[in-house]
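Just so we're aligned, residue 30 is where the sequence shown starts under this note's numbering, counting upward by one.
For each residue, glycine too, the CB sits at the ideal point set by N, CA and C.
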Amino acid sequence: MECKRCGNCCKSVVINVKVDMADRDAEDFVKFLEMHGMKAVYNNNTIAVMVYAKCENLIEKNGGTVCDIYENRPKICREYSCGE
Ligand code: SF4
Ligand code: SF4
């Protein structure tokens with residue numbers, strides 16, 4: 030899919046936390062995180078937490094939102110596959 034230059038993928042990070050607890054407790058913990066304004070999903074003993082944190086290299090340029098270190102961006106950025 031072609032990048033629309035919205036910059037959304039550079040404004041948050043998803044942290045996957047493996048948990049060892051009953052499904053009900055994990056779902057309760059997800060609710061707790063949501064009460065603190067976070068987005069979280071529990072699936073298959075893992076809680077995925079989305080943390081809003083804009084990358085310092087995301088800049089406005091020529092009417093779009095672009096990466097200021099595009100040629101040297103980290104591997105995780107180069108390998109990212111957009112679902113938008
Ligand atoms: S890769 Fe996707 S989310 Fe990221 S800027 Fe492009 S369209 Fe937006
Ligand atoms: S380094 Fe560039 S591509 Fe990676 S998150 Fe920051 S702005 Fe986005």
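Close-in-space but distant-in-sequence residues of the same chain around residue i (CB under 8 Å, 5 per side omitted)
i	result
MET50	PHE58
LEU87	GLY36, CYS39, LYS40, THR94, VAL95, CYS96 and ASP97
MET67	VAL78, MET79 and VAL80
ARG102	ASN86 and CYS96
ALA82	LYS40, SER41 and VAL42
Contacting residues, own chain, Cβ-Cβ under 7 Å from residue i (five flanking each side not counted)
i	result
LYS47	ASN74 and THR75
LEU62	ALA69 and VAL78
TYR71	ALA55, GLU56 and VAL59
Any C-beta of chain E under 7 Å from that of residue i
i	result
LYS47	Annotation note: the requested chain E is absent from the structure, which comprises a single protein chain.
Contact set for residue i: own chain, Cβ-Cβ below 6 Å, skip 5 residues either direction
i	result
GLU31	none
Collect the residues with a C-beta less than 5 Å away from any heavy atom of ligand 2 and give them in sequence order along the chain.
-> Counting every residue whose Cβ lies closer than 5 Å to a heavy atom of ligand 2, we get CYS39, CYS84, ASN86, LEU87, CYS96, ARG102 and CYS106.
Meets three-Cβ-pair contact criterion under 8 Å: the stretch 41-53 and the stretch 75-92 | Touching, yes.
At what residue ranges does the stretch 37-90 contain a whole run of the beta strand (DSSP E), taking only runs of 3 or more?
-> Those beta strand (DSSP E) runs which fall completely within the stretch 37-90 and span 3+ residues are 41-47, 68-72, 75-81 and 87-90.
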